[in-house]
Amino acid sequence: MDATQPSGISSDDAIRRYTRRLLLTLLFMSDHPISDPRALWPTLSEWEPMGMHEPVHRVRTRAGATAYVRPDDGSAPLLRQMALTSTVRAPEVLDARAGWLLLSALPGVPLHHVSVWRHHPTDMARIVTEALRSLECAGVTHGDMCLPNILGDPRTGQLTGIVDWRYAGRFTREIDVASAVWSCGFNGYTEDVAVAVLHGCGWPRADGLEVARLSRIWLELSGPSDVPNGATLTLPGLS
Ligand SMILES: Nc1ncnc2c1ncn2[C@@H]1O[C@H](COP(=O)(O)OP(=O)(O)O)[C@@H](O)[C@H]1O
Ligand SMILES: [Mg+2]
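This is the structure:
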């Protein structure tokens, strides 16, 4: 894609995204045969809400492992395919029941936890870059590459996972890059970090103007944002 062209976002894209959100909301309200997923997996314990937008829960399995329960957003076939054919670090589908998915927990700390990652800005930018590159290599788009969806290990500086695949395959690579660089600024990182991400992933232009252009594209698509988060959240820790 030519990043120097004006925004590739059509109003159709934005309408599709909002329509999908609305449909998902209606689905959760009306179509789940069992609205409380606890009844579907009675052996899971320690249910803890984690989602900012979706009813995502961190849980403990009977074997003592951490896992995540989330509404079935249609991403399971892609997650299964990527597990077989790519090196993208995405959750494994452990089970699917009545409109809900049980996914493996990826290790690491989400990159919006500024209290952790501000001490490692270079690692943090490299992890975002690696995440974007891994998607490109696999030929998939994620659709919401904001920092809460990218996990890394602050001890090793390595990418450990990409979560929240509900918009996978719906938008272009430019949207993945746009959400990532916008999220850097939104979560309090300096512009240098976003510019380093653009450099790292070989984007045709890497400067403050491009960060601003991409950020506008993301906001045009996603609408007004939630409050920044992470600095005050409880860390899940490295699992
Ligand atoms: N499979 C997973 N492994 C590790 N952490 C996860 C996993 N799924 C979700 N999370 C954590 O839970 C948070 C919320 O989940 P997410 O699917 O992004 O929902 P939302 O976007 O509604 O907040 C993520 O930012 C991440 O910190
Ligand atoms: Mg998310």
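In the working numbering, the protein residues as written are 11 to 249.
We put the beta carbon where it would ideally sit given N, CA and C, even for glycine.
- In the structure shown, His67 adopts extended strand secondary structure according to DSSP, grouped into three states.
- Going by C-alpha positions, Phe181 is about 19 Å away from Pro158.
- Counting only runs that start and end inside the region 130 to 207, the beta strand (DSSP E) elements of at least 3 residues fall at 160 to 163 and 168 to 172.
- About 6 Å separates the beta carbons of Leu145 and Thr151, which is inside the 8 Å limit, making them a contact pair.
- Three or more pairs of CB atoms, one per stretch, sit closer than 8 Å, so the region 74 to 81 contacts the region 110 to 123.
- In the three-state scheme derived from DSSP, where H, G and I count as helix and E and B as strand, Leu224 is classed as helix.
- With three or more CB-CB distances shorter than 8 Å, the region 117 to 132 counts as touching the region 184 to 199.
- DSSP, read as helix, strand or coil, puts Trp127 in helix.
- By the CB criterion at 8 Å, Ser225 and Val191 fall inside the cutoff.
- In the displayed model, Glu102 falls within coil according to three-state DSSP, outside both helix and strand.
- Look at Ala73 here: in three-state DSSP terms it is coil, with no helix or strand label.
- Ala216 is not a Cβ neighbour of Ala135, given a cutoff of 8 Å.
- Checking the DSSP bridge columns, you'll see Leu112 partnered with Val79 and Asp105.
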